[in-house]
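Residue numbers (the numbering used here): 1 to 520.
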Amino acid sequence: MKPLQDKDLFASQEVNRSYLSDLMVSIHRSGFKTTLISIVWTAGPITVVAILLGYYFSHGTVVPFSTLIYFSIYVFIVGLSGLISKIILDTIRMRNQERSEQAFLNVIETAYDKLRQARNLKFAALAQNAKQEMISAFLLSKSHPSTTEIYVAMQTHFSEKAARFAELMQIYENNGIPADACKFSVQLHEIRQEIISQEHLSENFKYLALRKIEGDHISLNEGVSRNPGFLTKVLNSGGQLSLFDTDDASDIITLSLELLAGRTIYFFKTITNFDHLAVEKLFKQIETTRQKIRLKHWLAYGLVEQIYFSSKALSPELPLKNLIHIQKDAPANLHLMQQAIKEIHFNDFNKDTRQKLKNLIYRFEQTTNTIYSLIKRLDALMLKWHKLENTPQNILDDQKVQVKLASIQLEEKSRLALAQQLQDFTANQSTGDTEKDIKAYALYIVKCLIKPLNLENPLIIYAIEVSNAANFSCVEANYSAKQKAELTHNLSKTVYANIRQLKKRFRENLIAQYQYYKMD
């Protein structure tokens, strides 16, 4: 029992030393000597002169000496008490700030650990061919890959000549040396043909390989695409971890890193100015239904990706249409997704995998049925819209509907609160290195973000899901927590949002939607 008491005493002494250290720093920050001199000056000559003049003008006599002493001591004690209170409050504020900063750094460190664990689990779950391609794609998609990483990624799937050529182009790029087009044109053409001819590789991987042999690096401004429907799947999971995969969990964790670093995600929304309340109400119903269809469509695509990942195969390159005319585009895309699912042969899997795939396909079918129901509702609303009298020919030109820029961002208090909540959750969690722990962590992040981000709004959910994520590939595991925090902040701010292009696309889709339905 004695050693335990000594240990507790030692810990208490350490805490006291830390508190005294913070107290001394607060005293120095407060300018103790200067403040004390000002208190003495105020309590001495200033108070004496003020009382002498005031007492003389009010009573016509000199103030008693005892009164001067009383008021001088009173002013000195009050001033000194204020100084001591300020020093104590500064000390408490410093300690709280240090705890908040430490919690923030711990959450950043934990998030990157979770991302690395999720990536390793995904690699381990894939078949050998798919695993090699995914690892190579990860290396080539890094913002600052080393020449060795490029060589390894290229040599795994292409010839030694192609790997050496890509490595050479990266050396030229790193040193800012322009490659001689005439000298390398023949080699470039041969290697390009070699890459394109590899039919067993995905189009995304071949695109990355082609960029590398041309010496084109991945720009941080581009960001990286998120997993389709990742946020919707987690929100609709009802706490069931099997209803979303590690890719979805990774995107949730990445989103939390961006928000903690102060990332702003921009989107556009409509502000109505109709003369009649019935017209305005109908327009809002149409737009709400349209956003729900977009969100469910994105969720359906995400489920297809999850189905293929569960079957340990790379998903096919689906030529999905942009949802401009929803009545035509959404069913066409759903047909492509259904055909892709039919390519999976259930007899090739064990009982557990078959059951998991059946559950995912059942959820996909539910989502598909919901989309068709929403399309029927949209048809009815659009028919009602065009039957209205004095319906605007062009709702934007008539200034009946204005397009307004909006943003998604966490305030500083919300960021600190989120960091503290995540640290408390991690402290109560178990080992934290299994798939279940990673998914539970992502699910808790979403629960914490529902209120501050207003995730009940489908427009906000869709804006987050279609936005590009920050490219954190250059954040190495051996970096300190402070280095990771600084890089996270810089990389989150680097992602470029073309506001003009976003507004133009939003306006075009809005106009086209109503024009298409009117033509029908």
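We treat Cβ as the ideally placed atom computed from N, Cα and C, and that holds for glycine.
Are there 16 or more other CB atoms within 10 angstroms of the CB of residue i, so buried, or fewer, so exposed?
i, result
"Gln178", "Note that residue 178 corresponds to Pro in the displayed sequence, not to Gln. Label assigned to Pro178: exposed."
"Thr426", "buried"
"Gly229", "buried"
"Ile371", "buried"
"His157", "buried"
"Val279", "buried"
"Tyr362", "exposed"
"Phe65", "exposed"
"His335", "exposed"
"Pro145", "buried"
"Ser197", "exposed"
"Asp352", "exposed"
"Asn227", "buried"
"Val49", "exposed"
"His28", "Annotation note: pLDDT 47 at His28 (below 50); position unreliable, coordinate value reported separately. Under this definition His28 is an exposed residue."
"Gln501", "exposed"
"Gln429", "exposed"
"Lys281", "exposed"
Of the choices the options, whose alpha-carbon is the least far from that of residue i?
i, options, result
"Asn175", "Ser185, Thr147 and Phe71", "Thr147"
"Asn333", "Asp352, Thr368 and Asp348", "Thr368"
"Glu149", "Ser492, Ala209 and Gln402", "Ala209"
"Pro316", "Lys328, Gln338 and Leu295", "Gln338"
"Ser159", "Ile135, Leu168 and Ile191", "Ile191"
"Asn120", "Phe138, Lys284 and Arg95", "Phe138"
"Gln507", "Phe268, Leu459 and Gln187", "At residue 507 the sequence reads Arg, which differs from the Gln that was named. Looking at the Cα atoms, Phe268 is the closest of the given residues."
"Asn468", "Pro452, Thr494, Leu487 and Leu455", "Thr494"
"Lys114", "Ala50, Leu422, Leu83 and Lys131", "Leu422"
"Lys206", "Ser250, Asp275, Met154 and Leu243", "Met154"
"Phe364", "Lys342, Lys351 and Asn347", "Lys342"
"Lys292", "Arg377, Ser136 and His217", "Arg377"
"Ile438", "Ser242, Arg93, Ala261 and Tyr55", "Ser242"
"Ile511", "Ile218, Ser85 and Ile324", "Ile324"
"Ala261", "Ile375, Leu416 and Asp329", "Leu416"
"Leu459", "Ala340, Thr289 and Ser473", "Thr289"
"Ala103", "Gln420, Asn478, Leu357 and Gln170", "Gln420"
"Phe71", "Leu89, Ala380, Ser219 and Ile46", "Ile46"
"Trp298", "Ala118, Leu231 and Phe274", "Leu231"
"Ala463", "Ser414, Ala406, Phe274 and Asp433", "Ala406"
"Asp424", "Glu411, His489, Glu287 and Cys448", "Cys448"
At the level of alpha carbons, what is the spacing between residue i and residue j?
i, j, result
"Asn471", "Lys504", "26 Å"
"Gln306", "Arg99", "39 Å"
"Ile195", "Ile252", "33 Å"
"Arg263", "Leu255", "9 Å"
"Gly239", "Glu214", "46 Å"
"Val475", "Ser373", "45 Å"
"Tyr74", "Ile450", "54 Å"
"His200", "Ala124", "20 Å"
"Gln402", "Val107", "40 Å"
"Leu303", "Leu140", "26 Å"
"Leu491", "Gly223", "9 Å"
"Glu435", "Thr246", "7 Å"
"Gly581", "Ser38", "The first residue shown for the chain is 1 and the last is 520, placing residue 581 beyond what the model contains."
"Gln409", "Tyr266", "9 Å"
"His386", "Met134", "50 Å"
"Arg354", "Thr272", "49 Å"
"Asn350", "Lys404", "52 Å"
"Asn221", "Gln132", "27 Å"
"Val186", "Pro452", "56 Å"
"Leu360", "Asn454", "27 Å"
"Leu126", "Glu203", "18 Å"
"Glu109", "Tyr444", "17 Å"
"Gln366", "Ala300", "9 Å"
"Arg294", "Val152", "40 Å"
"Tyr496", "Asn509", "22 Å"
"Gln285", "His345", "41 Å"
"Leu418", "Val446", "11 Å"
"Thr514", "Gln327", "Checking the sequence shown, residue 514 turns out to be Tyr, not Thr. Near 11 Å, if we compare the C-alpha coordinates of Gln327 and Tyr514."
"Ile499", "Lys142", "26 Å"
"Ser473", "Leu105", "19 Å"
"Met94", "Asn236", "41 Å"
"Glu101", "Ala485", "10 Å"
Under the DSSP definition of a beta bridge, which residues are partnered with residue i?
i, result
"Leu241", "Answer by DSSP bridge pairing: none, since Leu241 is not bridged."
"Ile265", "Ile408"
"Ile271", "Gln402"
"Val224", "Ala469"
### Query
At what residue ranges does the region 277-303 contain a whole run of the beta strand (DSSP E), taking only runs of 3 or more?
As summarised for the region 277-303, there are no continuous beta strand (DSSP E) elements at least 3 residues long confined to that stretch.
### Task
Just list the beta strand (DSSP E) runs in the region 138-191, keeping only unbroken ones of 3 residues or longer that don't cross its boundaries, in chain order.
none
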